[in-house]
Amino acid sequence: MKKKWNSFESKNKKNELPELKSSKKISNYSPIINKGGFFDTEFEEFNKIKEISQGAYGRVFLVEVKTRNITRKIASKLVFDQKKQIYKEIRLLKKIPKHENLIEFISLISINFHIYINFEYFEGDDIWSYMKKSNNFFSKCELIEVIYQLLSGINCLHTQNPGIIHCDIHPGNILYSNRRLKICDYGSCITSNFKKKPEEANYFFIAPELVLNEQNYSFGSDIYACGLIINLLIIFHYTGIVSLPFQYPNEYPFEYFVVMANISKYKIPNFPNDTDEHLKLFCEGILKSRPNERPSAFECIQMIDKMKQ
Ligand SMILES: Nc1ncnc2c1ncn2[C@@H]1O[C@H](COP(=O)(O)OP(=O)(O)OP(=O)(O)O)[C@@H](O)[C@H]1O
Ligand SMILES: [Mg+2]
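In terms of numbering that gives the first Met the number 0, the sequence shown is residues 0 to 308.
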């Protein structure tokens, strides 16, 4: 397994790219690729406004598109064609359900033989950057709501037939703004009848059974990653601190990281002293080291519902 440990921190976000300023009409969809019928070509115009993010496998742009004289903003991900990444990114997209806590997949297009995946545009930050920048801690009500929305999105994926496992739940793949949370990045998703061990993962938000390649991704491994995020949100609510589940100095060798990640599976999650007992028990219940002892997303939602009352 390769490390991708700080993918949500090392983003090279650019507000404006000079070369993208000029409007680029799409007049050159690839007819050859389109013959497969998998590509949608509904836009009359496709104008890149700015680059939102550049990751290891793609660049995400804010794009203005025009269809039948209606202009709207979308997020478009240019997928780098390496290591079958395109295939990985697109194979499940059409199965991603519509849900208010999931970034909606719109279409797949090809421009000059580059593949762009189009999503609804969500004006906001990933939740890690949001918390880092924010001067306001989440109120208790907001905290419960954020947790609820995260688990609702996950529950929607998990309850498809067959269920969809996200496999890359970490704060960089969770967008948040104006009290609305949406999960993005379906590039690692699998259906539950498919077996996959991590090849490349965010080590900070990975379930213990995956660290040493002991088990495959499962609904439980997604739930564990949510538990780590919930722990992070609770710490943020009570202290304003945004901290990773454990420390890993950049200059340390990778082996050290694996040992730390491994130790973390025996570690009792850290909670501020005044943490609400219900919340603490809820989060501890999710962060069980054995996957089959963890609650399902649906059970989590029911528990949160009770806390809301
Ligand atoms: N629909 C969207 N609306 C707004 N911003 C988005 C959208 N999708 C992605 N982003 C932004 O782009 C970033 C990277 O997107 P995504 O995770 O899909 O790409 P990635 O190639 O996996 O990148 P990374 O390797 O950094 O995870 C997100 O963290 C978010 O800031
Ligand atoms: Mg991502």
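All residues carry an ideal CB built from backbone N, CA and C; glycine is no exception.
When the Cα of residue i is compared with those of the options, which residue comes out closest?
i: Cys155; options: Lys94, Ser133, Glu63; result: Lys94
i: Tyr147; options: Tyr129, Asp125, Leu180; result: Leu180
i: Leu280; options: Lys131, Asn230, Asn68; result: Asn230
i: Leu61; options: Lys49, Asp125, Thr70; result: Lys49
i: Gly54; options: Glu63, Phe79, Pro96, His113; result: Phe79
i: Asn100; options: Leu107, Glu119, Leu232; result: Glu119
i: Tyr223; options: Phe204, Asp184, Pro161; result: Phe204
i: Pro96; options: Arg71, Ile153, Glu298; result: Ile153
i: Tyr351; options: Met130, Tyr202, Ser220; result: What is shown of the chain runs 0 to 308, which leaves residue 351 out entirely.
What distance in whole Å lies between the Cβ atoms of residue j and residue i, which are believed to be in contact at a cut-off of 8 angstroms?
i: Leu77; j: Tyr115; result: 5 angstroms
i: Phe218; j: His157; result: 5 angstroms
i: Ser176; j: Gly123; result: 2 angstroms
i: Ile143; j: Pro170; result: 18 angstroms between Cβ atoms; not a contact.
i: Leu227; j: Phe137; result: At roughly 17 angstroms, the Cβ-Cβ gap does not stay under 8 angstroms, so Leu227 and Phe137 are not in contact.
Per DSSP, which residues does residue i bridge with? Please list them.
i: Asp125; result: Leu174
i: Gly57; result: Val78
i: Ile233; result: Its beta-bridge partners do not exist; DSSP assigns none.
i: Ser109; result: Ile114
i: Ser52; result: Val59
i: Leu101; result: Ile182
i: Thr70; result: Lys65
Mind checking residue i: buried by the 16 CB within 10 Å criterion, or exposed?
i: His277; result: exposed
i: Ile73; result: buried
i: Ile163; result: buried
i: Val258; result: exposed
i: Tyr86; result: exposed
i: Leu91; result: buried
i: Ser75; result: buried
i: Asp304; result: exposed
i: Arg289; result: exposed
i: Lys307; result: exposed
i: Cys225; result: buried
i: Ile69; result: exposed
Would a check of beta-carbon distances place residue i closer than 7 angstroms to chain C?
i: Ile182; result: Here there is only one protein chain, and chain C is not present.
Legend entry - Those runs of the beta strand (DSSP E) which lie wholly inside the region 139-191 and span at least 3 residues: Look at the region 139-191 and you find these whole runs of beta strand (DSSP E), each 3 residues long or longer: 173-176, 179-182.
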